[in-house]
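Chemist:
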Amino acid sequence: MSTATGIGSLPGTTDTAYAEAVRLVLGELSDLPHVPELPGRGVTAGMTGRALAVADGLAADLQPAGWRLTDSSGIDHRRARSLLAQDLDTVEELARGYTGTFKTQVTGPWTLAATVEKPRGDKVLSDHGARRELAQSLAEGLRVHLADLRRRIDGVDRWVVQLDEPALAAVVAGRVPTSSGYGRHRTIDLPEASAHLEWVVEAVTDAGAEAWLHSCAPQTPWSMVAGTGVAGLSADLDMLGPADLDTFAEAVEAGRTTALGIVPSTDQATAPSDARLVERVQRWLDMLGLDPETAGEHLVVTPTCGLAGATPAWAARAVRLSATVARNL
């Protein structure tokens, strides 16, 4: 049977909204709830600040141009860590007694390298040693983070870590702008791109969890991603091109999870019916040459990227619709 989950982010700007988000995912996505993220609360709750709060052995501070690595943690970095701990306290309290599978999310090493600056400026992406250190710091931090999550929610028998890599396609294609905005960072070769992801995937696996990679960007190098050892591929269905079909078909046939973003993440004047969305997934499986009966157990239904920008009412509806589609599949 297919299951449903969320990408991670949800709308909301307050601690009360965070508690409501946790209740929503626990109630509507009971087969695969996730640790919610509410980036609307500010940069310390955004995907980069969140990942820097998880990374081990690195200090950072918030500069006018964005997050920058520093010799000692600035107030915003300390706030990001404090907010993460506070959010996990809420999850721990509301998920008491939960058993089953749970998912958490963190920004992947390449998107982090493309958004964080070195101490003297310019992106970490520009320096071979710095981007290696950042990836290894993230890997080690995830080991510690997973140990903390296991302690907090001890009924979970299967943890999933979703690595968010929206910038991966731009990184390998040399499309990430320099700090000046007048140039582009050099293309990262696929072997190096793969190696950094493998470090993080290996850390997650060694910690007894499974790693998925999520990207909502077109031209993500999915064949390279599939070779890193990830247990799941997660993408918006609209962003998958003809060249990705073989990779996803092979992943499903190999028993890997495929999470498909099919429920619109922005408010719709007329919401799509669950029957229409089910039919869309079935057509996609037919295009891959896969039997829906056998492929279904490896499919996860999600909303598309951008749910943090929806109204709370639509976000809740999208989550419920995802769960309905999964049940119908």
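Sequential numbering from 1 applies to the sequence shown in this note's numbering.
We put the CB at the ideal spot given by N, CA and C, even for glycine.
For clarity, every value in this text was computed on a predicted model and none was experimentally measured.
Enumerate, from N- to C-terminal direction, the unbroken alpha helix (DSSP H) stretches of 4 or more residues contained entirely within the region 7-82.
Modeler: 15-28 and 47-54
Chemist: Is His298 helix, strand or coil when you go by DSSP?
Modeler: helix
Chemist: Could you check if Tyr18 is buried or exposed, using at least 16 other CB atoms within 10 Å of its CB as the buried criterion?
Modeler: Taking a 10 Å sphere around the C-beta of Tyr18, we find 16 or more other C-beta atoms and assign the residue as buried.
Chemist: Can Val35 and Val91 be called in contact, C-beta distance under 8 angstroms?
Modeler: It is a contact, given that the beta carbons lie within the stated cut-off.
Chemist: Do Ala310 and Ala318 come within 8 angstroms of each other at the CB atom, strictly closer than that value?
Modeler: yes
Chemist: Of the choices Leu94, Arg175 and Ile75, whose alpha-carbon is the least far from that of Leu26?
Modeler: Leu94
Chemist: Which of helix, strand or coil does DSSP assign to Thr331?
Modeler: Here the chain covers residues 1 to 329 and nothing more, so residue 331 does not appear.
Chemist: Under 7 angstroms Cβ to Cβ from Ala251, same chain only, skipping five residues before and after it: list those, please.
Modeler: Ala226, Leu233 and Thr258
Chemist: Should Met47 go down as buried or exposed, given a rule of 16 or more other Cβ atoms within 10 Å for buried?
Modeler: Buried.
Chemist: Would you call Thr228 buried or exposed, if buried means 16 or more other Cβ atoms sit within 10 Å of its Cβ?
Modeler: buried
Chemist: Starting from Gln162 and walking both ways along the alpha helix (DSSP H), at which residues does that stretch end?
Modeler: Looking at the DSSP string, Gln162 is not in any alpha helix (DSSP H); the run it does join, the beta strand (DSSP E), is Val156 to Asp164.
Chemist: Under 8 angstroms Cβ to Cβ from Leu245, same chain only, skipping five residues before and after it: list those, please.
Modeler: Met287 and Leu288
Chemist: Does the region 65-81 come close enough to the region 158-168 that 3 or more CB-CB pairs lie under 8 angstroms?
Modeler: no
Chemist: Along the alpha helix (DSSP H) that carries Glu210, what are the first and last residues, could you check?
Modeler: No alpha helix (DSSP H) holds Glu210; the beta strand (DSSP E) holding it covers Glu210 to Ser215.
Chemist: Just to confirm my understanding: we take Ala21, look at its own chain, exclude 5 residues before and 5 after, and list those with CB closer than 8 angstroms. What are they?
Modeler: Leu10, Gly12, Pro36 and Leu38
Chemist: If you check the beta carbons only, do Leu69 and Pro119 fall under 8 angstroms apart?
Modeler: Cβ atoms of Leu69 and Pro119: closer than 8 angstroms.
Chemist: Between Gly241 and Cys305, is the Cβ-Cβ spacing less than 8 angstroms?
Modeler: The answer is no: Cβ separation not under 8 angstroms.
Chemist: Please return the same chain residues whose Cβ sits closer than 6 angstroms to the Cβ of His196, not counting the five positions on each side in sequence.
Modeler: Pro109 and Ala135
Chemist: Sort out for me which residues DSSP pairs Glu117 with in a bridge.
Modeler: Arg68 and Lys123
Chemist: Nearest-angstrom Cα distance between Ser334 and Pro312?
Modeler: Because residue 334 is not part of the residues shown, which for the chain are 1 to 329, the question remains open.
Chemist: With DSSP collapsed to three states, give me the class of Ser223.
Modeler: helix
Chemist: DSSP on Ala259, reduced to helix/strand/coil?
Modeler: strand
Chemist: Spatial neighbours of Glu98 within its chain, please: CB distance less than 8 angstroms, with the 5 preceding and 5 following residues excluded, ordered by chain position.
Modeler: Looking at the sequence provided, one finds Tyr at residue 98 rather than Glu. Cβ-Cβ distances below 8 angstroms link Tyr98 to Leu26, Pro33, Ile153, Gly155 and Val156 in the same chain, with the five nearest sequence neighbours on each side left out; the list follows chain order.
Chemist: Determine the burial state of Glu28: buried for a count of at least 16 other Cβ atoms within 10 Å of its Cβ, exposed for fewer.
Modeler: buried
Chemist: When you compare the region 212-222 with the region 126-133, are there three or more beta-carbon pairs, one atom per stretch, that lie closer than 8 angstroms?
Modeler: no
Chemist: The beta strand (DSSP E) with Gly241 in it runs from where to where?
Modeler: Gly241 -> no beta strand (DSSP E), and no H or E assigned at all.
Chemist: Could you give the residue range of the alpha helix (DSSP H) that holds His128?
Modeler: Segment His128 to Arg152, the alpha helix (DSSP H) holding His128.
Chemist: Kindly list the residues whose CB is nearer than 7 angstroms to the CB of Leu112, restricted to its own chain and excluding five residues on each side of it in sequence; keep chain order.
Modeler: The answer, listed in chain order, is Thr48, Ala51, Leu134 and Leu138.
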